[in-house]
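Working notes, structure below.
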Amino acid sequence: LLITAKACFREAARLAPKDPVPLSNLSAVEFELGNYIGCELFSQKALGLLAASDGEQNENLHEKLLLRSARAKLYSNKLEDAEKFRELVLDRIPRYRPALQDAPEYFTVGHDWADSLLSSDLVEKAPKDVSFLLCGIGDARHLLATIIVIGLLREARAPPATFHFTLVDVKPAVFARDLVIFQLLFDSMTEKKAKLRDTIVTLCYVYAAQVMPQWAYDRLQKCLATALDSLDMERSHLRKLFYIPQTFRERISHHLEAWQHLGDGAPDFSPPGCEENGPDAQMFLELGVMLPHVDLLEKREPELFKLFMAWGKTRSVVARTKIHKYVDSYWKPNVTLVDLDYERKREGPHRPLIDFRPDEVARSLWTQVPHAMAGDCPPGILNYLAVFFDLVASNLEHINSKAVIEIVIAEMGDTFDRLRYGLLRHRQEVHGGFDPSTFPAKFDRIHMSNIPDYVGGPLITFTQGLSLLRHDGSSALTSNVLRNTPVWMTHDDFLAEYLLLPTRQQVKNHFRTQLSAKMGAYEAEIAGTTINGAGAVMAATYDWVRASTSTLSWEKLMSRQKLENWLYSHFLKLSLPHTRPTQGNLLIIAPLNLTAFFHLVINAFEAGYPAHWLSDIMSKLNDGEITTSSRAPTATQMTVTEVQKSHPLRKMSVKPFRAEFQTLLAIWRPLLPFGLHLSSETLPQLGRICEFMIKFQPNYNQEIERPHFVLVLRKSMPTDRKNLRHTLLDDGTGDTTAAAIKLRTDPGIHVISVFKFTTDTQTVSFWMDEMIIDHMQKEGGWAAFVWRSDNWLPALGPVLVHDRDSVTKGLSWVSRL
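In terms of UniProt numbering, the sequence shown has 238 at position 238, counting the first letter as 1, and numbering is strictly consecutive.
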């Protein structure tokens, strides 16, 4: 209707060029369409025509035009020095709920298939240079497979002139292990045959085994020393290929040093011989170790060779026990599988995460490498691992001079934002011939493995990752699901859980993305497939491409009411996630805090939604009351059916989340690409926002590695272990007692999702308007708790807010600007 009205008013203005009314109507239409520059333009033209006119009607029109013009200027206002505030937000504000165990898990050996990021199609579309972003690099299997495929394409056609790989992982230990792998590869490129075999077999043990022979352990120790020296030598093989900022080098060296002598006192396509039921796999299951080649075993460990031959004849328990005793006495652990920082903080007396089998590793590495490249490799796990690394080494030698591998120790979502806004490399030094200011910020392929399983799924990747793709239609975001594959019966159910959109067309419209043509065809082929009654469709690796960078046409936008309900649904889902188990292999993790809502609002504006629509939504949330047909999640998993459920309009109090929202809105206001018009200017000044620290007693150790916690400040002490979500719900399904209603609306409770937790000191830190905390301390009776947001039961506390020894105030938000 607006588009039709616009055309009519344009025609009226053409037919009556002296009449200000059609121009005024045009300014009103442009305002509603979100074209604030056009609104101002037509308003000024109409005001010019009114200047020579008199009369009460013209005076009213004059006031309307001035007001509309002022509002248009307000909504189109954008702070010029937003970048200095953006860096503060990235440095200070976490984007996920914390776990009470602040050291992330150390996953050493992947479970997904090694996926080459380079394809012949990509070479044709980007013939000169190619850039890749690999998130959650883990054991570098995708990088290694890509290096082999680069060599394969080199034989068939001219490869790109340069390759840039940006590797991202939150764990310094991951990069320390990967550098050990590459150091062994570099060593193998220059060694003679006698030493070469020892190096490659040692590499196989480092990559795919839990324990290794003493001689391989000694070779590993030599490699650790070489890698440590290489980090400090600009002309070393490692530093010629890898760009590693000094701060990252120090964190990586910490782990290389920890692994030195750590073990001194410690007791699908299946390549031939690597089948799950093959002889090598069965031998590993029986003996618990991967033995070296028989001739190497006889040469290096003749005693073990005799024991092995005796066991091979009888397969008796006695013979097997003798091998176990020998291995326990003389073999060494693969120390690169241990992150001591993580183990010190890890919940409970667990062993390192080493639940993998060498045959699984071998099969996963050969999924995309043409089998013909193995040549006449004899059957066996160790043989195929060795050939794989031989191929990597030989091709690494050819690309070494035209490739850069950049290391980034950071979280994926944070890296996305820093890359987008130029805040990742702006302080990094030039060294080793590498200038980080010339590194790409757009990528031909972004490979995320299954990291989205743990950080909010496509809601994060679509709002923050798509903008980093280099080309529309061909560059791709790639990920797969490993955490909970059987949960998803359809791909649409998967998308509905994270995006709260029931149809693929809505996903395409709003986020301007779609599956690649190849992946779309593959999805159609496997749709409906189940394994033992469980979903199988999300077992595939999917490529999402950007459909367009243009804003949506008016016809493709949601209606104003639908957009409002959709954003309120996300707000309620972020604030009140549905109860879920605290553990389990099929758990859908809900880690996002309220900052995800601001990313979503910015994304909506960039898609073409008018600023005054979005401003109005922010204003109502700022007031603490909304009227909506949206609801907090009604099930642990939001399927298409759940998302499509309709509910009556209802006024709800969201005041328990208002203190946090107002603080975040004040912090994010300079970063919003549009101006705000709030119904009440209740936002705190940035100088009033301070960091507060609350120290808790360490008396909770249940499932503390899950990012499912909130900080709760409440006036009344809970009398029992009550489900807090039931108390907070104001949609008719929650607690409707007078006490609960008063708690929600007074409010006598503040729920905070954006905070940090330091395990060593059991301390919470968060940013808040100091007037709110000052009021609590003066009034008395307020207490702080850490509450779980999965079963919604208390974990830590109470700590009395007026106890200034336990609750301290730090710097203000603007103190270091």
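Even for Gly, the Cβ is constructed at its ideal location relative to N, Cα and C.
- Message: Do H570 and L600 have their beta-carbon atoms positioned less than 7 Å apart in this structure?
- Response: It is a contact, given that the beta carbons lie within the stated cut-off.
- Query: In the DSSP assignment, what are the bridge partners of L133?
  - Reply: L133 is bridged to T166 and I446.
- Use the C-beta contact count for S131: other C-beta atoms within 10 angstroms, 16 or more gives buried, fewer gives exposed. Buried: at least 16 other Cβ atoms inside 10 Å.
- Close beta carbons around Y205, own chain, < 6 Å, minus the five adjacent residues each side: Correct list, in chain order: M212 and A216.
- Message: Only counting the same chain, and skipping five residues up and downstream in sequence, which positions put a Cβ closer than 6 Å to that of I244?
- Response: I407.
- Is it buried or exposed for V317, if we count other Cβ within 10 angstroms and need 16 for buried? V317 is exposed by the Cβ-count criterion.
- Message: Restricting to Cα atoms, I'd like to know which of I772, W813, A739 and L711 is closest to P798.
- Response: Considering only alpha carbons, the answer is L711.
- Query: With 16 as the cutoff for other CB atoms within 10 Å, does Y330 come out buried or exposed?
  - Reply: So Y330 ends up on the exposed side.
- Item | Cβ neighbour criterion (16 or more within 10 Å) applied to E564 | Sixteen is the threshold: when 16 or more other Cβ atoms of the shown chains lie within 10 Å of the Cβ of E564, as they do, the residue is buried.
- Boundaries (first-last residue) of the alpha helix (DSSP H) holding D198: Its alpha helix (DSSP H) spans residues K193 to A208.
- Applying the criterion that 16 or more other CB atoms from any shown protein chain within 10 Å of the CB defines a buried residue, is P279 buried or exposed? Taking a 10 Å sphere around the C-beta of P279, we find fewer than 16 other C-beta atoms and assign the residue as exposed.
- In terms of alpha-carbon separation, which member of I446, S615 and E691 lies closest to V814? Selected option, being the one with the closest Cα: E691.
- Tell me, to the nearest whole angstrom, how far the beta carbon of residue 842 is from that of C274; I am working on the premise that it is less than 8 Å. Any question about residue 842 goes unanswered here, given that the chain covers just 1 to 817.
- Task: Go to A403, then tell me how far its beta strand (DSSP E) extends in each direction, as first and last residue.
- Result: Residues A403 to I409.
- Item | Start and end residues, alpha helix (DSSP H) containing V21 | P20 to E32 is the span of the alpha helix (DSSP H), which, as asked, contains V21.
- Task: Rounded to whole angstroms, what's the CA-CA distance from L291 to P370? Just pull it up for me.
- Result: Approximately 26 Å, taken between the alpha carbons.
- Query: In this structure, does DSSP put M693 in helix, strand or coil?
  - Reply: M693 falls in the strand class under three-state DSSP.
- Going by DSSP, which residues form a beta bridge with V545? Residue pairing by DSSP places V545 opposite A476 and Q514 in a beta bridge.
- Alpha carbon to alpha carbon, how far is G624 from V807? Answer to the nearest angstrom: the Cα atoms are 26 Å apart.
- Query: With which residues is P769 paired in a DSSP beta bridge?
  - Reply: Per the sequence shown, the amino acid found at residue 769 is Asp instead of Pro. As DSSP reads the structure, D769 sits in a beta bridge with I689.
- Where do the ends of the beta strand (DSSP E) carrying A795 lie? Residues P794 to L800.
- Helix or strand or just coil, what does DSSP make of K756? K756 falls in the strand class under three-state DSSP.
- Beta-carbon spacing of M652, I694 below 7 Å: The answer is no: Cβ separation not under 7 Å.
- Message: With a threshold of 7 Å between beta carbons, is L153 in contact with chain D?
- Response: You won't find chain D in this structure, because it holds only one protein chain.
- Query: What does R788 pair with, by DSSP beta-bridge criteria?
  - Reply: For R788, the beta-bridge partners assigned by DSSP are F709.
- Item | Those residues which DSSP pairs with R714 across a bridge | Under DSSP, R714 shares a beta bridge with I749 and A783.
- What separation, rounded to the nearest whole angstrom, lies between the Cα atoms of W787 and W613? Here the alpha carbons of W613 and W787 stand approximately 34 Å from one another.
- Message: Using only the alpha-carbon positions, how far apart do A596 and H708 sit?
- Response: Across the structure, A596 and H708 are spaced so that their CA atoms are roughly 15 Å apart.
- Give the DSSP bridge partners of I354, in chain order. According to DSSP, which records beta bridges pairwise, I354 is partnered with nothing at all.
- Item | Minimum C-alpha distance to M519 - residue among A534, R512 and T541 | M519 has its Cα closest to that of T541, out of A534, R512 and T541.
- Item | Per-residue DSSP class, three states only, for A51 | Correct three-state label for A51: coil.
- Cut-off 8 Å between Cβ atoms - residues of its own chain near P502, not counting five sequence neighbours on either side: D492, A496, V640, V643 and Q644.
- Message: According to DSSP, is F439 part of a helix, a strand, or is it coil?
- Response: Coil at F439, not helix or strand.
- Query: How would you call M309, buried or exposed, if buried means at least 16 neighbouring beta carbons within 10 angstroms?
  - Reply: Result: exposed.
- Message: Less than 7 Å between the C-beta atoms of M412 and C223, yes or no?
- Response: Not in contact: M412 and C223 (Cβ atoms no closer than 7 Å).
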